[in-house]
Ligand code: GLN
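Residue numbers (this note's numbering): 109 to 656.
This is how it looks when you write it as structure tokens:
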């Protein structure tokens with residue numbers, strides 16, 4: 109029988125429920141339990157695949173092709189496990205299932221209602237992963253207690269607490285304890301109100317995790333315990349951390365895992381084994397080198413739009429004992445006239461994924477600069493497509509080469525809509541999604557980076573390299589070093605002879621974890637480091653910009 113931990117949030121959003129959930133899961137996993145985490149989101153979209161990054165940050169894609177909340181990325185990065193569609197459920201998906209059942213006649217004769225039909229479906233989905241053999245299932249409830257749309261989820265938790273044995277279920281509530289500088293005091297009232305709101309809905313938290321900018325004194329802890337019906341040791345301080353990867357260690361120090369295990373009736377034996385984790389943290393905290401990597405995209409002002417890429421840099425930096433300073437550069441502002449100045453001083457360039465026309469010419473110009481100046485280049489998804497267009501325009505001299513995504517009438521569609529996409533009309537869940545096989549060409553950089561000849565990577569796109577141009581491109585020096593064995597689609601391109609020039613149609617950033625940093629990112633940072641070290645060579649030793 110699985111045990112269930114529910115994580116709710118109060119007072120305000122953006123307190124980091126995902127990180128707290130992932131940290132708790134990490135500690136329990138490091139104590140020998142099999143743990144998974146799932147996220148229940150209260151919005152009506154069936155999944156976040158149709159949301160733009162301004163609304164909901166990055167869309168994370170799982171192995172099985174589910175378009176999910178970015179918190180699943182944290183779960184995978186912390187736990188080094190794969191999640192799936194079952195790990196992310198929205199109100200939209202719950203209603204869709206219930207309405208489909210109603211149409212099939214499953215509730216014949218009954219009025220279909222939020223309670224019990226919607227809450228029953230929520231409970232069924234909450235317990236799905238528990239039936240798969242996990243010891244502990246952590247369920248993060250999106251949104252903030254008090255939101256109208258969260259109510260059915262809180263109600264489902266209330267019902268489950270009654271249905272499951274007492275020791276099989278607990279609720280962790282994450283709140284904010286703000287510091288009022290005028291009064292020079294931490295304030296507990298918002299936490300009291302938030303817990304009161306939950307108890308009005310029939311759910312009493314067992315543990316309260318308090319986000320705070322200042323240490324919680326014992327008096328503050330006692331006060332929160334007294335007003336919120338928990339033991340003092342169940343009031344946990346979650347102080348601001350310099351990196352999210354410190355949070356598991358901080359939570360261990362506060363005893364979050366121990367108190368959870370006690371409440372779940374599981375004997376606590378010894379401390380979690382965080383050996384590999386602390387090894388990573390030490391490397392992260394004590395870098396010997398420093399590189400500046402340009403991230404070229406059109407959502408650079410958003411903190412969460414390129415989450416997985418930024419985290420992959422952190423993992424790859426730690427392996428290389430190198431601090432990776434990411435310089436975010438807006439692709440719309442890169443032109444032939446500004447490129448030199450915008451990219452000055454960089455050790456490498458990553459051109460980001462994306463959709464639509466805005467900023468693509470800037471991306472193409474940046475690729476050209478990286479190719480001609482032998483600057484390490486990594487293109488992901490749209491970034492790879494931009495590299496192909498750049499090569500066609502500037503090496504093959506096909507000036508009007510383009511992708512049909514941006515120019516449907518281009519006479520030279522070097523990037524074209526995939527065959528299977530041509531009849532797709534709906535937007536939700538219809539891209540080429542999830543893990544696909546990729547065979548790596550002998551003698552390629554890709555093959556040596558991965559150290560194997562076959563990999564699986566995750567995809568999220570509709571357009572692809574147009575194979576009608578493959579032989580011309582290859583003759584001119586662009587190598588298709590990764591191909592899908594079933595369809596022949598080009599998944600990786602590279603430029604032999606360049607220090608590091610790789611474009612990938614898939615999203616390697618979705619598979620980089622603390623314990624398994626992605627080899628492409630690791631090698632990309634190594635190339636940046638080599639570039640950086642070459643810069644300090646005496647003049648003349650450094651190669652001049654050249655065309656390849
Ligand atoms: N817009 C491009 C496509 O659909 C690239 C997608 C992406 O970068 N994820 O093919």
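The C-beta atom is built at its ideal place from N, Cα and C for all residues, glycine as well.
Fair warning: this is a prediction, and the values are worked out from it, not measured in the lab.
> When DSSP builds the beta bridges, which residues end up paired with residue 316?
Replying inline: Partner(s): 281 and 343.
>> So, for residue 384: in the same chain, excluding its five sequence neighbours on each side, which residues have a beta-carbon less than 6 angstroms away from its beta-carbon?
In response: Non-local beta-carbon contacts of residue 384 in its own chain, meaning distances under 6 angstroms to residues more than five positions away in sequence, involve 623 in chain order.
> Cα separation between residue 202 and residue 147?
Replying inline: It is roughly 13 angstroms from the alpha-carbon of residue 202 to the alpha-carbon of residue 147.
> If you draw a straight line from the alpha carbon of residue 456 to that of residue 470, how long is it in whole angstroms?
Replying inline: Our two residues, residue 456 and residue 470, have alpha carbons roughly 16 angstroms apart in a direct line.
> Helix, strand or coil: how does DSSP classify residue 112 here?
Replying inline: Strand, per DSSP.
> Quick one, which of 167, 224, 165 and 240 has its alpha-carbon nearest residue 144's?
Replying inline: Cα-wise, what sits closest to residue 144 is 240.
> Of all the options 235, 408 and 420, which has the alpha carbon lying nearest to the alpha carbon of residue 392?
Replying inline: Of the candidates 235, 408 and 420, the one whose C-alpha sits nearest the C-alpha of residue 392 is 420.
> Sorry if obvious, but does the Cβ on residue 569 come closer than 8 angstroms to a heavy atom of ligand 1?
Replying inline: Placement of the Cβ of residue 569 at a distance of less than 8 angstroms from at least one heavy atom of ligand 1 is found.
>> Restricting to runs no shorter than 3 residues, where is the beta strand (DSSP E) found entirely within the segment 121-184?
In response: Fully enclosed beta strand (DSSP E) runs of 3 or longer: 143-149.
>> Between residue 572 and ligand 1, is there a pair consisting of the residue's CB and a ligand heavy atom that are separated by less than 8 angstroms?
In response: For residue 572, the distance from the CB to the nearest heavy atom of ligand 1 is below 8 angstroms.
> With 16 other CB atoms within 10 Å as the buried threshold, where does residue 649 fall?
Replying inline: A caution first: residue 649 carries a pLDDT of 46, below 50, which makes its placement in the model unreliable, though a value can still be read off. Label assigned to residue 649: exposed.
> Can you tell me whether residue 441 is buried or exposed, with buried defined as 16 or more other CB within 10 angstroms of its CB?
Replying inline: Here residue 441 is exposed: its Cβ has fewer than 16 other Cβ atoms, across all protein chains shown, within 10 Å.
> Pick from 394, 572 and 360: whose alpha carbon is nearest that of residue 427?
Replying inline: Ranking 394, 572 and 360 by Cα distance to residue 427 puts 394 first.
> Quick check: the segment 449-469 against the segment 393-410, are there 3 or more CB pairs under 8 angstroms?
Replying inline: The answer is yes - the segment 393-410 touches the segment 449-469, with three or more Cβ pairs under 8 angstroms.
>> Using 9 angstroms as the threshold, is the C-beta distance between residue 375 and residue 255 below it?
In response: Taking 9 angstroms as the cut-off, the beta carbon of residue 375 is found no closer than this to the beta carbon of residue 255.
> Per DSSP, which one or two residues make a beta bridge with residue 293?
Replying inline: As computed with DSSP, residue 293 is found in a beta bridge with 288.
>> Going by DSSP in three states, residue 556 sits in which element: helix, strand or coil?
In response: DSSP places residue 556 in helix when its eight states are reduced to three.
> Taking C-beta to C-beta, are residue 181 and residue 542 nearer than 9 angstroms?
Replying inline: Cβ atoms of residue 181 and residue 542: not closer than 9 angstroms.
>> Could you check whether the Cβ of residue 497 sits closer than 8 angstroms to any heavy atom belonging to ligand 3?
In response: Absent from the structure shown: ligand 3. Ligands present: ligand 1.
> Considering only residues of the same chain and omitting the five flanking positions on each side of residue 651, which have a CB-CB separation below 7 angstroms?
Replying inline: Here residue 651 scores only 39 on pLDDT, less than 50, and its place in the model should not be relied on; the value that follows carries that caveat. Non-local beta-carbon contacts of residue 651 in its own chain, meaning distances under 7 angstroms to residues more than five positions away in sequence, involve 482 in chain order.
> So which of 627, 641, 506 and 546 has the shortest CA-CA distance to residue 584?
Replying inline: Minimum Cα-Cα distance from residue 584 among the listed residues 627, 641, 506 and 546 corresponds to 506.
>> Quick check on the DSSP output: the beta strand (DSSP E) that includes residue 436 runs from which residue to which?
In response: Secondary structure note for residue 436: its beta strand (DSSP E) is the uninterrupted segment 430-438.
>> Checking the sheet assignment: what are the DSSP bridge partners for residue 545?
In response: DSSP, once it has assigned bridges, lists 564 as partnering residue 545.
>> Looking at residue 628: is its Cβ nearer than 9 angstroms to the Cβ of residue 558?
In response: For residue 628 and residue 558, yes; Cβs fall inside 9 angstroms.
>> Taking 8 angstroms as the cut-off, does the segment 434-448 touch the segment 591-599 (at least 3 CB pairs, one atom from each stretch)?
In response: Judged by Cβ distances under 8 angstroms, the segment 591-599 makes no contact with the segment 434-448, as fewer than three pairs qualify.
> Whose C-alpha, out of 414, 251, 243 and 330, is nearest the C-alpha of residue 112?
Replying inline: Per the C-alpha coordinates, the member of 414, 251, 243 and 330 positioned closest to residue 112 is 243.
> Since residue 485 is in the beta strand (DSSP E), which residue starts that stretch and which ends it?
Replying inline: Residues 485-488.
> What distance in whole Å lies between the Cβ atoms of residue 555 and residue 548, which are believed to be in contact at a cut-off of 8 angstroms?
Replying inline: About 4 angstroms; that satisfies the 8 angstroms criterion.
> Is DSSP giving residue 588 helix, strand or coil here?
Replying inline: If DSSP states are grouped into helix, strand and coil, residue 588 belongs with the strands.
>> Measuring straight from C-alpha to C-alpha, what distance separates residue 443 and residue 473?
In response: Those two C-alpha atoms are separated by around 6 angstroms.
> Just how far apart, CA to CA, sit residue 509 and residue 127?
Replying inline: Approximately 44 angstroms, taken between the alpha carbons.
> So does the segment 519-529 actually touch the segment 565-577, counting three or more Cβ pairs closer than 8 angstroms?
Replying inline: The segment 519-529 makes contact with the segment 565-577; the number of CB pairs closer than 8 angstroms reaches 3 or more.
> Any chance the CB of residue 615 is under 8 angstroms from a heavy atom of ligand 1?
Replying inline: Look at residue 615: its beta carbon is less than 8 angstroms from one of the heavy atoms in ligand 1.
>> Using DSSP's beta-bridge definition, name the partner residues of residue 366.
In response: Answer by DSSP bridge pairing: none, since residue 366 is not bridged.
>> Tell me which residues share the same chain as residue 453 and place their Cβ nearer than 7 angstroms to its Cβ, disregarding the 5 neighbours each side in the sequence.
In response: Short of 7 angstroms from the beta carbon of residue 453, and not among the five residues preceding or following it, lie these beta carbons of its own chain, in chain order: 400.
> Is the CB-CB distance between residue 279 and residue 230 below 9 angstroms?
Replying inline: Not closer than 9 angstroms, so no.
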